[in-house]
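Counting from 1, position 21 in the sequence shown corresponds to residue 68 in the working numbering; the numbering is continuous, with no gaps. Cβ coordinates follow ideal geometry from the N, Cα and C atoms, glycine included. From a predicted model like this one, the values you see are computed outputs, not experimental measurements. Just below is one structure, and these are the notes that go with it.
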Amino acid sequence: MAYMKSNWESKDKRFRITKKYYSHRALPGCPEIREQRAKKQNVTKETQIEVNRRLRAESLSRLIMDNYEAGDWYFTCTCRDLMDAELLRKEFDKFKRRVRAIYQKAGVEAKYIAVLENLTGGGRPHGHILLPALGKAELEKIKKAWPHGSVEVKLYGGHLRDAERLADYFTKEKIAAHSGRLQTSRNLIRTEPKKTKVTRAEAYKPEIDPPKGYRLIKDLSYSTYTAEGYPLSIAYFEKIEQKGNTRGTPLQRGRKGAGE
48 MAYMKSNWES
58 KDKRFRITKK
68 YYSHRALPGC
78 PEIREQRAKK
88 QNVTKETQIE
98 VNRRLRAESL
108 SRLIMDNYEA
118 GDWYFTCTCR
128 DLMDAELLRK
138 EFDKFKRRVR
148 AIYQKAGVEA
158 KYIAVLENLT
168 GGGRPHGHIL
178 LPALGKAELE
188 KIKKAWPHGS
198 VEVKLYGGHL
208 RDAERLADYF
218 TKEKIAAHSG
228 RLQTSRNLIR
238 TEPKKTKVTR
248 AEAYKPEIDP
258 PKGYRLIKDL
268 SYSTYTAEGY
278 PLSIAYFEKI
288 EQKGNTRGTP
298 LQRGRKGAGE
């Protein structure tokens, strides 16, 4: 059967992403596809750029959901004095080494996703980095580890929409065009989607029903057609939290080795 399903589930089982699509490798001789295929779309350079961006954003959002939870730290490191791109990269690398040492002393792995922004025009250069939350003492040490300007910290929301918003921001062309490449630590969890063929009957149903115990995130889910005219459906699901089951922030839960 040419119709495929891709199922991704986060490491903590809280989030799921399901895609239904036709595989190019199985296209020849499939009457089901001819019946469902829409008129072939005009593939412009801009369309392809956006498709590629969405693929990068989806991959990044999965990485965020796999490795971060509510209350984790999202830092913005600004520059008091104007730095060129090369100097900023060197200083940000020094900052990351200092951060790793802080986490190592606390007995926690320093898993990070980071990016440098405005390296070529578009405003004053600065850096962003997402890190697991520790205690108040470590928070102050991290702020002092960047001596070139202010350090703002926000708490990551921990929901599917939060991961999607952050991934969309990092991959938007107007941001990416003036930014450095995405920097990710090697110790990040990277759960891959599982692909299976679906039944002929399911191939005619664009809707994707939520698994038991999960709710559909309607504003993120959609059905469309690829540039080649083949149907594509993608659905985002979040686990329904039981009453009385509060996750709390890392400062409330505490992490192994975190200082107070």
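Return the first residue and the last residue of the alpha helix (DSSP H) that L163 is part of.
Residue mapping note: residue 163 aligns to position 116 of the sequence shown, counting from 1. Here L163 belongs to no alpha helix (DSSP H); instead the beta strand (DSSP E) covers 160 to 164.
Taking buried to mean at least 16 other C-beta atoms within 10 Å of its own C-beta, is I236 buried or exposed?
Position 189 of the sequence shown holds residue 236. Counting C-beta atoms within 10 angstroms of its own C-beta, I236 has fewer than 16 neighbours from the protein chains shown and is therefore classed as exposed.
Apply the 10 Å Cβ neighbour rule to E211 and answer buried if 16 or more other Cβ atoms are within range, or exposed otherwise.
On the sequence shown, residue 211 is found 164 positions in, with the first residue counted as 1. Counting Cβ neighbours within 10 Å, E211 comes out buried, since at least 16 surround it.
Tell me, to the nearest whole angstrom, how far the beta carbon of I149 is from that of I189; I am working on the premise that it is less than 8 Å.
Residue numbering aside, residue 149 sits at position 102 when the sequence shown is read from its first letter. Residue numbering aside, residue 189 sits at position 142 when the sequence shown is read from its first letter. About 6 Å separates the Cβ atoms of I149 and I189, confirming a contact at the 8 Å cut-off.
Could you give the C-beta distance for R147 and A161, rounded to a whole number, given that I count them as a contact under 8 Å?
Along the sequence shown, one-based indexing puts residue 147 at 100. Along the sequence shown, one-based indexing puts residue 161 at 114. About 12 Å separates the beta carbons of R147 and A161, which is beyond the 8 Å limit, so they are not a contact pair.
Starting from the C-beta of L263, find all residues in its chain whose C-beta is less than 7 Å away, skip the five residues before and the five after it, and write them out in chain order.
Translated into positions along the sequence shown, residue 263 becomes position 216. Residues of the same chain with a CB within less than 7 Å of the CB of L263, apart from the 5 flanking positions on each side, are P257, A282, F284 in chain order.
DSSP has A282 in a bridge; who is on the other side?
Taking the sequence shown and counting its residues from 1, one reaches residue 282 at position 235. As a beta-bridge residue in DSSP terms, A282 pairs with T65.
Please state the DSSP three-state secondary structure of K265.
Position 218 of the sequence shown, counted from the first residue, corresponds to residue 265. It is coil, neither helix nor strand.
Give the straight-line distance between the Cα atoms of K67 and S53, rounded to the nearest whole angstrom.
The residue given as residue 67 occupies position 20 in the sequence shown. The residue given as residue 53 occupies position 6 in the sequence shown. If you draw a straight line from the Cα of K67 to the Cα of S53, it comes to about 6 Å.
Identify whether L178 lies in helix, strand or coil by the three-state DSSP scheme.
Within the sequence shown, numbered from 1, the residue matching residue 178 stands at position 131. In this structure, DSSP gives L178 an extended state, which the three-state scheme calls strand.
Can you tell me where the beta strand (DSSP E) with R202 in it begins and where it stops?
In the sequence shown, counting from the first residue as 1, residue 202 sits at position 155. The question names Arg, but residue 202 in the sequence shown is Leu. L202 -> beta strand (DSSP E) spans 198 to 202.
Does P194 pass the burial test, meaning 16 or more other C-beta atoms within 10 Å, or should it be called exposed?
By 1-based counting over the sequence shown, the position of residue 194 is 147. Label assigned to P194: exposed.
Secondary structure of K188, DSSP reduced to three states:
Walking along the sequence shown from the start, residue 188 turns up at place 141. Here K188 sits in helix by DSSP.
Give me the Cβ distance between Y121 and K201, rounded to the nearest whole Å; I'm assuming they're in contact under 8 Å.
For the purposes of this step, residue 121 is taken as the residue at position 74 of the sequence shown. For the purposes of this step, residue 201 is taken as the residue at position 154 of the sequence shown. Contact flag correct, Cβ pair sits at about 5 Å.
At least one CB of chain C closer than 8 Å to the CB of E185: is that the case?
No chain C appears in the structure shown, which is made up of a single protein chain.
Cβ pair L178, Y159 closer than 8 Å
Residue mapping note: residue 178 aligns to position 131 of the sequence shown, counting from 1. Residue mapping note: residue 159 aligns to position 112 of the sequence shown, counting from 1. With contacts defined by Cβ atoms closer than 8 Å, L178 and Y159 form a contacting pair.
Using CA atoms only, rank isn't needed, just tell me which of H173, K152, G205, G174 is closest to L181.
Residue 181 sits at position 134 when you count from the first residue of the sequence shown. Distances from the alpha-carbon of L181 to those of H173, K152, G205, G174 put K152 closest.
N- and C-terminal bounds of the beta strand (DSSP E) containing K241:
Here the question's residue 241 lines up with position 194 in the sequence shown. For K241, the enclosing beta strand (DSSP E) stretches over residues 241 to 244.
Which class does T218 belong to by DSSP, given the choice of helix, strand or coil?
Residue 218 sits at position 171 when you count from the first residue of the sequence shown. T218: helix per DSSP, three-state reduction.
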